[in-house]
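K.L.:
Residue numbers (our numbering), protein chains in the order written: chain A, 748 to 899; chain B, 748 to 899.
We put the beta carbon where it would ideally sit given N, CA and C, even for glycine.
Small disclaimer: the values here were computed from a predicted structure and weren't measured.
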DNA sequence: ACTAAATGCAAGTATGATGATGGCATTAAC
DNA sequence: GTTAATGCCATCATCATACTTGCATTTAGT
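#1: Could you work out which residue in B:839, B:849, B:788 is closest to residue 773 of chain A when comparing CA atoms only?
#2: What are the start and end residues of each continuous alpha helix (DSSP H) run of 4 or more residues lying completely inside the segment 770–844 of chain A, in chain order?
#3: Buried or exposed for residue 820 of chain B, going by 16 or more other Cβ atoms inside 10 Å?
#4: Would you mind telling me which residues of chain B sit closer than 9 Å to residue 901 of chain A, beta carbon to beta carbon, in chain order?
#5: For a contact meaning CB atoms closer than 7 Å, what does residue 793 of chain B contact in chain A?
#6: Please decide whether residue 745 of chain B counts as near chain A, where near means a Cβ-Cβ distance under 9 Å.
#7: Nearest chain A C-beta to residue 755 of chain B closer than 9 Å, yes or no?
#8: Grab me the residues of residue 778 of chain A's own chain with a C-beta within less than 6 Å of its C-beta, minus the 5 sequence neighbours each way, in chain order.
#9: For the putative contact between residue 837 of chain A and residue 861 of chain A, defined by C-beta atoms under 8 Å, what is the C-beta separation to the nearest angstrom?
#10: When you compare only the Cα positions, how much space is there between residue 768 of chain A and residue 756 of chain A?
#11: Of all the CB atoms in chain B, is at least one closer than 9 Å to the CB of residue 864 of chain A?
#12: Let me confirm a value: residue 814 of chain B is counted as buried when at least 16 other C-beta atoms fall within 10 Å, else exposed. Which label applies?
#13: What's the C-alpha gap between residue 809 of chain A and residue 782 of chain B?
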């Protein structure tokens, strides 16, 4: 099964930030609707995001979810690492019997390759902030509106 | 569940190349032993590798598996793409209801991020050939032997 | 011919992380 | 007190991956 935690968390954070900019109160129910899932599911992903100081929430009526710090200071790497725990992008086979030159050293070799791959992706994600991402989303929205009105 | 096809196929190919260099006949059973699985499982991964002209095999007694072309002309990217089909490294959520600015454009936005990540990893894998990898494995083997004898 | 040793392949089982829901106690505004 | 929100736990669902069993086929050697 493919891991959807990162894209889901990303949409949640971007949704919160956009709501904030638009002066709209954001709840887990609204986020859930925009994802097509239940509010409970959203709250589950909100747990690590809150723990890492990315978002924060208030209880009770008129409660909801807000950004916990500036979107300029949150990168996609922060979000990725926050919700995927220690899951590696590439994983070596566990429990390889050390019987030959290949099997005895493949683990160490593969670890090097996997680390390099992961570092490349994480660095790329670290170069994109939530603020940048929202800007890009809004740009895409403008183009979408442009395309839609061109049809008429 | 984590995808082990790439590390498994990698060990298979490196094992075949090492056997070839050492002048030893290689069979799916030997590869299976070095992986701790059945020969049938190895053969299953051999199917795409054969299809892509990376390895080739001969039937019957004294049959076995060989490299189909020079290890200098096979990159880790070739192996990765061969065995992982069209699986993406990062995947967007499917079926997002387009209800707001975020949900309507997140798909396109995420696709850009995912493509960039995948391109980075594939380019890195393309820079490593099977020949290079075997050299590195043998270097690790020397270090391993060095460490082992230093203990005595 | 016969046997041994190999591949090719189809069918099926297992598993476990991920995906997702429901329910309920708690909190806070009005 | 009612309403509307979060926090969190227990649970179910599913599905891609992991792997085995089993057997037909092919080929080499005697």
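P.N.:
In short:
#1: Along the first chain, read from residue 1 onward, the residue named residue 773 of chain A stands at position 26. Considering only alpha carbons, the answer is B:849.
#2: 775–782, 786–798, 823–830
#3: As a position in the second chain, residue 820 of chain B is number 73, starting the count at 1. It is exposed - the Cβ of residue 820 of chain B has fewer than 16 other Cβ atoms within 10 Å.
#4: The question about residue 901 of chain A has no answer here: the residues shown for chain A are numbered 748 through 899.
#5: Here residue 793 of chain B refers to the residue found at position 46 of the second chain. In chain order: nothing, as chain A lies at least about 16 Å away.
#6: This structure cannot settle anything about residue 745 of chain B, because the visible part of chain B is limited to 748 through 899.
#7: Here residue 755 of chain B corresponds to residue number 8 of the second chain, with the count starting at 1. Output row for residue 755 of chain B: interface = yes.
#8: Taking the first chain and counting its residues from 1, the one referred to as residue 778 of chain A is at position 31. Once the five neighbours on either side are set aside, the close Cβ partners of residue 778 of chain A are 759, 762, 789.
#9: Looking up residue 837 of chain A in the first chain gives position 90. Looking up residue 861 of chain A in the first chain gives position 114. Correct: roughly 4 Å between the Cβ atoms.
#10: For this step, residue 768 of chain A is matched to residue 21 along the first chain. For this step, residue 756 of chain A is matched to residue 9 along the first chain. Straight-line Cα distance between these residues: approximately 18 Å.
#11: One-based indexing of the first chain puts residue 864 of chain A at position 117. Judged by the 9 Å Cβ criterion, residue 864 of chain A is in contact with chain B.
#12: Taking the first residue of the second chain as position 1, residue 814 of chain B is located at position 67. So residue 814 of chain B ends up on the buried side.
#13: For the purposes of this step, residue 809 of chain A is taken as residue 62 along the first chain, with counting starting at 1. For the purposes of this step, residue 782 of chain B is taken as residue 35 along the second chain, with counting starting at 1. Cα to Cα, residue 809 of chain A sits roughly 58 Å from residue 782 of chain B.
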